[in-house]
Structures are given as C-alpha cells and as structure tokens.
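Engineer:
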Amino acid sequence: MGSVGRLVLEENVCMVEMARYFLELVQRDSCAECIPCRIGTRRLLEVFERVLKGEADEGEFASLAEAATAIGLAAKCDLGRIAGRAVAEVARHGQDELKAHLEGKCLATVEANRGWESVVGRDA
Ligand code: SF4
Numbered sequence: 213m214g215s216v217g218r219l220v221l222e223e224n225v226c227m228v229e230m231a232r233y234f235l236e237l238v239q240r241d242s243c244a245e246c247i248p249c250r251i252g253t254r255r256l257l258e259v260f261e262r263v264l265k266g267e268a269d270e271g272e273f274a275s276l277a278e279a280a281t282a283i284g285l286a287a288k289c290d291l292g293r294i295a296g297r298a299v300a301e302v303a304r305h306g307q308d309e310l311k312a313h314l315e316g317k318c319l320a321t322v323e324a325n326r327g328w329e330s331v332v333g334r335d336a
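Residue 245 in the working numbering is what sits at position 33 of the sequence shown, and the numbering runs on without skipping anything.
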C-alpha cells in the first residue's frame, strides 16, 4: 500500500475490516485536491461501514468493485490510486467475506490489527 509499501498480513485478518480501516486512513490523509479520493474513498468507506453492520445489500458489491477501480484509475496521486486498487481487489476476491458480514458473521478470527495505527503514524 502507498507508492512503494508492501503489506503482509496473517491469514486470519478480516479483509473487510482491513479495507475499512485503510479507507479511514486514506480519508484522514487525503489532501482533498481531487474528487475520486476526497469523495470517492469516503463513499467506499461508507459502504464498508454498512457491510460491517450487516446493513449493506449484496447487489452493491459489483458497483463497489467498479467504483474502486475507477478511483484507482482517476485519483491524482498514489494515495487515492492505491486505495482504489486495494479496495477493488477486496471487492473482487473477498465476496465470501463480504457476504458473511451481511449475515453477521466474519470468516476471519481477528479484526484488522489496531497496532497498525502506531506503524503508520496515525497521529503523525
Ligand atoms: S489522490 Fe492525492 S491529490 Fe487526490 S485528494 Fe487524494 S491525496 Fe490529494
């Protein structure tokens, strides 16, 4: 993630929660200069928040992948581009995880590691 970063996760990290958490960081760090990042990642974050509450509709997953792909292509710098690409991957390959959350389940055993906040410098 980011322009040169590589992310290594254990198998039991919830990708849905991870995507939500990453989008939250992107929203915090976005300079708001371009709409795909400023507004687009906000909309993606809202979808993930609703998925995690079990309030989203399964029919939204296709448009989630489509919107994330568009953001990945249209954002002005790597922050927004990488956010779009990462979320598009989760939306495409994480269908089972996304559907499970709509049923109030999680296929992972732990949510995204909150210790990341110190690694990425949440308050930096
Ligand atoms: S993608 Fe880059 S330029 Fe666009 S709002 Fe996000 S941080 Fe700013």
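Where is the CB? At the ideal position from N, CA and C, for every residue including glycine.
Are there 16 or more other CB atoms within 10 angstroms of the CB of Ser275, so buried, or fewer, so exposed?
Structural biologist: Here residue 275 refers to the residue found at position 63 of the sequence shown. Ser275 sits exposed, since fewer than 16 C-beta atoms from the chains shown fall within 10 Å of its C-beta.
Engineer: Give the range of the alpha helix (DSSP H) segment to which Glu229 is assigned.
Structural biologist: Taking the sequence shown and counting its residues from 1, one reaches residue 229 at position 17. First-last of the alpha helix (DSSP H) with Glu229: Met227 to Asp241.
Engineer: Smallest Cα separation from Tyr233: which of Glu261, Ile294 and Ile247?
Structural biologist: Position 21 of the sequence shown, counted from the first residue, corresponds to residue 233. Considering only alpha carbons, the answer is Glu261.
Engineer: Grouping DSSP H, G and I as helix and E and B as strand, with all else coil, what is Leu319?
Structural biologist: Here the question's residue 319 lines up with position 107 in the sequence shown. Leu319: coil per DSSP, three-state reduction.
Engineer: Taking DSSP as the reference, what is the three-state secondary structure of Glu222?
Structural biologist: Here the question's residue 222 lines up with position 10 in the sequence shown. In the structure shown, Glu222 sits in coil (DSSP, three-state: anything other than H, G, I, E or B).
Engineer: Just the C-alpha distance for Glu301 and Ala279, rounded to the nearest angstrom, thanks.
Structural biologist: Looking up residue 301 in the sequence shown gives position 89. Looking up residue 279 in the sequence shown gives position 67. Pairing Glu301 with Ala279, the inter-Cα distance amounts to about 12 Å.
Engineer: Helix, strand or coil: how does DSSP classify Ser330 here?
Structural biologist: Sequence index remark: in the sequence shown, residue 330 carries index 118 (1-based). A caution first: Ser330 carries a pLDDT of 47, below 50, which makes its placement in the model too unreliable to give a value.
Engineer: Check whether the Cβ of Glu245 lies closer than 7 Å to any heavy atom of the ligand SF4, and answer yes or no.
Structural biologist: Start at 1 with the first residue of the sequence shown, and residue 245 comes out as number 33. Within the cutoff, so yes.
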